[in-house]
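Heads up: the sequence shown is residues 164 to 308, going by this note's numbering.
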Amino acid sequence: MSYSIRRFILGQDDTLYRLASAKFSRMVDDPESHRLTCFAGQRVRMAEAVVEVRDRAPCAVVRSVYEMLRFDAEGRLDQAAFTRQNAALAEQLLDRVLPRLAAKGTAVVEAGSRFVARGGSWQASAALEREILRAALDETPYKRL
């Protein structure tokens, strides 16, 4: 048994486009050289599914995450926004696990990262989530980028 990450970018009409992990890594590491011109100037939804694989076949989705991606006018991933959003999500997770060292008697709550994290995610409808999970398991057709 092993695990695989399946990423999909959703078009404005909910069309699913599979994005290979290696290509996504290159887009994050070097957006100048690795563009998606079909999404130039857009803010698009991305679905990421962690899939359990047995005998080289996907058999179950064990986790799914929905994020937003921004592309500039030339189709380059907005690396800074992506990094900010993921840092804010990581901070939220750490806040749940580690106690906050706050001054006693302070009623101020630092919520900036919550807004950044929330702006970088989205919620799929039940029908769309079913379609994404079926695509992650190769049960329905999708396009490749």
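Cβ coordinates follow ideal geometry from the N, Cα and C atoms, glycine included.
- Annotated three-state conformation of Ala183 is coil, per DSSP.
- Put simply, of Leu291, Arg208, Ala223 the residue whose alpha carbon is nearest the alpha carbon of Phe234 is Arg208.
- In its chain, beyond the 5 residues on either side, Ala212, Val224, Ser227 have a beta carbon closer than 8 Å to the beta carbon of Leu296.
- Per the DSSP secondary-structure output, Phe171 pairs in a beta bridge with Arg181, Ala210.
- According to the DSSP assignment, Arg226 belongs to the beta strand (DSSP E) that extends over 220-233.
- Around Asp177, the same chain offers Leu291 as residues with beta carbons nearer than 7 Å, after the five sequence neighbours per side are excluded.
- Straight across, the Cα-Cα distance linking Ala185 with Gly204 is about 23 Å.
- Taking 9 Å as the cut-off, the beta carbon of Ala289 is found no closer than this to the beta carbon of Arg181.
- Under DSSP, Arg217 forms a beta bridge with Ala220.
- Excluding five sequence positions before and after Pro194, the CB atoms of its chain that fall closer than 6 Å to its own CB belong to Arg239, Leu240, Gln242, given in chain order.
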